[in-house]
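Peer 1:
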Amino acid sequence: PRFRGRHKLHKFEDSDLEKCVGCSLCAAACPAECIRVVAAENDPDHRVSAGERYAAVYEINLARCIFCGYCEIACPFDAITMGHDYEMADYNRSDLIFTKEMLLAEPIERTPLRGEGE
Numbered sequence: 435p436r437f438r439g440r441h442k443l444h445k446f447e448d449s450d451l452e453k454c455v456g457c458s459l460c461a462a463a464c465p466a467e468c469i470r471v472v473a474a475e476n477d478p479d480h481r482v483s484a485g486e487r488y489a490a491v492y493e494i495n496l497a498r499c500i501f502c503g504y505c506e507i508a509c510p511f512d513a514i515t516m517g518h519d520y521e522m523a524d525y526n527r528s529d530l531i532f533t534k535e536m537l538l539a540e541p542i543e544r545t546p547l548r549g550e551g552e
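Under my numbering, the first residue of the sequence shown carries the number 435, and numbering increases by one thereafter.
#1: What does T533 pair with, by DSSP beta-bridge criteria?
#2: For the putative contact between N495 and I531, defined by C-beta atoms under 8 Å, what is the C-beta separation to the nearest angstrom?
#3: List the residues that DSSP assigns as beta-bridge partners of A523.
#4: Looking at the secondary structure, which residues open and close the beta strand (DSSP E) in which A473 lies?
#5: Between the C-alpha atoms of L443 and Y504, what's the straight-line distance to the nearest angstrom?
#6: Shortest alpha-carbon distance to T515 belongs to which of L538, S528, N526, A466?
#7: Look at P533 and E493 and say whether their C-beta atoms are less than 7 Å apart.
#8: Report yes or no: do the segment 479-491 and the segment 454-466 share at least 3 C-beta pairs separated by less than 8 Å?
#9: Look up I514 in the DSSP assignment and give the residues it is bridged to.
#10: Taking DSSP's pairing of strands, which residues face S449 in a bridge?
Now the structure itself:
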């Protein structure tokens with residue numbers, strides 16, 4: 435139950451606004467320096483987050499991440515959490531950089547290799 439796997443960014447369920455306000459506390463707490471956050475000001479006509487700012491760019495380099503969970507602890511808005519997904523291997527290093535769109539998306543469902551009784 436304490437396993438830390440794939441990162442996930444969250445939105446508010448009722449308003450569909452992002453919880454991340456681009457404060458960069460997760461990037462400051464990361465010992466591996468694998469998180470990059472670039473904040474931008476919210477447009478009053480087209481709000482992205484509930485705060486004054488939002489994360490225009492949010493990237494996590496999983497090739498550098500040590501899955502310590504400090505980003506999850508540092509976030510005051512519970513915008514980023516770490517789930518139980520662990521199948522994130524890839525052949526190219528550039529594919530291990532998870533963008534904001536990838537982190538907001540639901541993880542891919544994978545078929546188990548064996549059945550329940552096997």
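From the three backbone atoms N, C-alpha and C, an ideal C-beta is built for every residue, glycine too. The structure displayed is predicted, hence computed values, not measured ones.
Peer 2: Taking the geometry as given:
#1: Locating residue 533 in the sequence shown gives position 99, where the first residue counts as 1. For T533, no pairing in a beta bridge is given by DSSP.
#2: Translated into positions along the sequence shown, residue 495 becomes position 61. Translated into positions along the sequence shown, residue 531 becomes position 97. Contact holds; Cβ gap of about 5 Å.
#3: Numbered from its first residue, the sequence shown carries residue 523 at position 89. BP columns for A523 are empty, so no partner.
#4: Here the question's residue 473 lines up with position 39 in the sequence shown. First-last of the beta strand (DSSP E) with A473: 469-475.
#5: Sequence index remark: in the sequence shown, residue 443 carries index 9 (1-based). Sequence index remark: in the sequence shown, residue 504 carries index 70 (1-based). So the two alpha carbons sit approximately 15 Å from each other.
#6: To locate residue 515, count along the sequence shown from 1; it is residue 81. Comparing Cα-Cα distances from T515 to each of L538, S528, N526, A466, the minimum goes to L538.
#7: By 1-based counting over the sequence shown, the position of residue 533 is 99. By 1-based counting over the sequence shown, the position of residue 493 is 59. Position check: residue 533 holds Thr in this sequence, whereas Pro was assumed. Yes, the Cβ-Cβ distance between T533 and E493 is below 7 Å.
#8: Between the segment 479-491 and the segment 454-466, the count of Cβ pairs shorter than 8 Å is three or higher; the stretches touch.
#9: The residue labelled residue 514 in the question sits at position 80 within the sequence shown. For I514, the beta-bridge partners assigned by DSSP are L443.
#10: The residue you call residue 449 lines up with position 15 of the sequence shown. None; S449 has no bridge partner.
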